[in-house]
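Taken in order, the sequence shown gives residues 0 to 373; the numbers are from numbering that gives the first Met the number 0. Even for Gly, the Cβ is constructed at its ideal location relative to N, Cα and C.
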Amino acid sequence: MTFNNDCKVLKLRAAPGGNMTMTRDTSLSIKSAEKIIKSRAFKKLSPLERSLLLKGHWRGNYCYNSHKTPFLWGQTLTFPCPCPRKAMTEPELKRIRQHLENIVGERNPFTQPKHLENTAQYISGQFEAMGLKVTREMVEYEGTQSQNILAQIPGDSDDLFVLAAHYDSVPNTPGADDNASAVAALLEVAHTLSQTSHQKSLIISAFTLEEYGFIGAKHFIDHDPERKKRISGMISLEMVGFKNPQPNSQSYPPYVDPSQYPDTGDFIAVVGNEPSAGLAQALAQKMALSTPALKVETLVVPGQGENFSEVRLSDHSPFWDAGIPAVMITDTAFFRNPNYHQPSDTLETLDLEFIRDNALAVTAFLKQFLNNTG
Numbered sequence: 000m001t002f003n004n005d006c007k008v009l010k011l012r013a014a015p016g017g018n019m020t021m022t023r024d025t026s027l028s029i030k031s032a033e034k035i036i037k038s039r040a041f042k043k044l045s046p047l048e049r050s051l052l053l054k055g056h057w058r059g060n061y062c063y064n065s066h067k068t069p070f071l072w073g074q075t076l077t078f079p080c081p082c083p084r085k086a087m088t089e090p091e092l093k094r095i096r097q098h099l100e101n102i103v104g105e106r107n108p109f110t111q112p113k114h115l116e117n118t119a120q121y122i123s124g125q126f127e128a129m130g131l132k133v134t135r136e137m138v139e140y141e142g143t144q145s146q147n148i149l150a151q152i153p154g155d156s157d158d159l160f161v162l163a164a165h166y167d168s169v170p171n172t173p174g175a176d177d178n179a180s181a182v183a184a185l186l187e188v189a190h191t192l193s194q195t196s197h198q199k200s201l202i203i204s205a206f207t208l209e210e211y212g213f214i215g216a217k218h219f220i221d222h223d224p225e226r227k228k229r230i231s232g233m234i235s236l237e238m239v240g241f242k243n244p245q246p247n248s249q250s251y252p253p254y255v256d257p258s259q260y261p262d263t264g265d266f267i268a269v270v271g272n273e274p275s276a277g278l279a280q281a282l283a284q285k286m287a288l289s290t291p292a293l294k295v296e297t298l299v300v301p302g303q304g305e306n307f308s309e310v311r312l313s314d315h316s317p318f319w320d321a322g323i324p325a326v327m328i329t330d331t332a333f334f335r336n337p338n339y340h341q342p343s344d345t346l347e348t349l350d351l352e353f354i355r356d357n358a359l360a361v362t363a364f365l366k367q368f369l370n371n372t373g
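Dropping the structure here:
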């Protein structure tokens, strides 16, 4: 069976009676429609069945190319799909490098607004190429304008889950690990999940102005009160590209017992607060199980995390403050990476396989989590 995200013709959905109903996407081309109408199978249908086939609408992504497919009331019909076959893809190193080559470089609203905007355009273009609906939210800050780039993968329920990474940088750094690595992972997760259907809706968010106090994330939370009510949780991808396997390469905040964690900087950390503990633990467990090459450590801080400043340095913290469960996935930034906020934070310092493994692990979790209705 082939999964084809480019297919705009034959789709399946469960009918109210439990049977499978084959319908078409609203963007079915005239040429494709003519092929179906001229087929022998179509001519055998009743007028009602023809109408249901040609007028139905479906948001799914499965294309059963030239396969026999269950139709209304248990009938089996074969329609040739004019769309090319394309297997479901997973995060891969070639695309990750392409993302990084387009994103790495100073991305700052004051010192390099042009590359900040170019990066926003690149992210938006990637989402659109996946067939996702893209929304831009204008964010104003001290005389500057930049944008949150949002793509939504709709689900069958009203619940919204947010996967986010910020795309801006501080001045005087190319910002490869902080945070081009996470944006590359974000795009790879989106690339895979855009080809699947889910119960819960997912908003994939590239936030601006994280480096100025999470301005983009705060705007996202406050901009749409109705949307805010629907958000059930959030994951922030924050620096996911730097590893150091040498002993004593990893340090920790003073409130963390280092004897409970590795002294080598070759793991990914999942960080939550008490209200987010369940999400953090489920995420870490699935990441580790799905991607054995990835070492995963978990830290859950007491309360809302308000007294632990080092673990609040990403876009998850406004969600904590809003009472929304949220976790940060991070390579621990300056507790490991000497290039943090430096001109030396370059593409050459990144471990692309580490980025890929993080993208694979997050994808595996979301595939399961977004379909968990319990």
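Query	Result
Residues bridged to Phe206 (per DSSP)	His165
Contact under 7 Å by Cβ, Ile354 with Val169	no
Three-state class that DSSP yields for Glu89 in the structure shown	coil
Sub-7 Å separation of Asp176 and Phe266 beta-carbons	no
Beta-carbon proximity check, Ile148 vs Ser123, cutoff 7 Å	yes
Boundaries of the beta strand (DSSP E) in which Tyr140 is found, first to last residue	Lys132 to Tyr140
For Glu296: DSSP bridge partner residues	Ala268
Beta-carbon proximity check, Ser437 vs Met327, cutoff 7 Å	No answer is possible for residue 437: it lies beyond the span of the chain, which begins at 0 and ends at 373.
Contact set for Lys285: own chain, Cβ-Cβ below 7 Å, skip 5 residues either direction	Ala363, Phe364 and Gln367
Range of the contiguous alpha helix (DSSP H) that encloses Gln144	Premise fails: Gln144 lies in the beta strand (DSSP E), Thr143 to Ile152, not in any alpha helix (DSSP H).
Option in Gly264, Ala181, Lys199 and Asn272 with minimal Cα separation from Ile95	Ala181
Inter-residue Cα distance where the pair is Phe126 and Pro244	34 Å
Exposed unless 16 or more other CB atoms sit within 10 angstroms - verdict on Lys67	Confidence is the limiting factor: at Lys67 the pLDDT is only 34, short of 50, which leaves the residue's position unreliable and the question unanswerable from this model.
Whole-number beta carbon distance between Leu293 and Val270, since they are thought to touch under 8 Å	Their Cβ separation, rounded to whole angstroms, is 16 Å, which puts Val270 and Leu293 out of contact at 8 Å.
Any 3 or more C-beta pairs closer than 8 Å across the segment 111-123 and the segment 189-201	no
For Ser123, the first and last residue of its enclosing alpha helix (DSSP H)	Pro112 to Ala128
Cα-Cα separation between Ile230 and Leu312, rounded to whole angstroms	21 Å
Reduced DSSP category for Met238 - H, G, I as helix; E, B as strand; rest coil	coil
Between the CA atoms of Ser316 and Ala128 - distance to the nearest angstrom	31 Å
Given Ala205 as reference, the closest of Gln194, Ser196, Ser193 and Phe219 once Cα atoms are compared	Phe219
Endpoints, the beta strand (DSSP E) within which Gly325 is located	Checking the sequence shown, residue 325 turns out to be Ala, not Gly. Per DSSP, Ala325 belongs to the beta strand (DSSP E) from Ala325 to Thr329.
7 Å Cβ cutoff met for Glu273 and Gly302	yes
Pair within 7 Å by beta-carbon distance, Leu92 and Leu351	yes
Asp344 and Asn338 closer than 7 Å at C-beta	yes
Anticipated Cβ contact below 8 Å, Leu349 with Gln198, distance rounded	Wrong, their Cβ atoms sit about 34 Å apart, outside the cutoff.
Residue span of the alpha helix (DSSP H) that contains Leu288, given as start and end	Ala276 to Ser289
Proximity below 7 Å, CB of Leu99 to CB of Ala179	yes
Separation of Asn357 from Glu209, as counted between CA atoms	21 Å
Residues sharing a beta bridge with Asn243, DSSP	Gly264
Pick from Asp221, Asn171, Asp157 and Pro342 that is closest to Pro112, judged by C-alpha positions	Asn171
Other residues of its chain near Ala287: CB distance less than 6 Å, five sequence neighbours each side excluded	Val295
Cα-Cα separation between Glu139 and Ser145, rounded to whole angstroms	7 Å
Best match in Ser156, Ile214 and Lys132 for proximity to Gln371 [C-alpha to C-alpha]	Residue 371 is actually Asn in this sequence, not Gln. When each option's Cα is compared against that of Asn371, the closest is Ser156.
CA-to-CA distance, Pro108 to Asp314, given in whole angstroms	18 Å
Secondary structure of Phe78, DSSP reduced to three states	Legend: pLDDT at Phe78 = 44, less than 50; position of this residue unreliable, no value from coordinates given.
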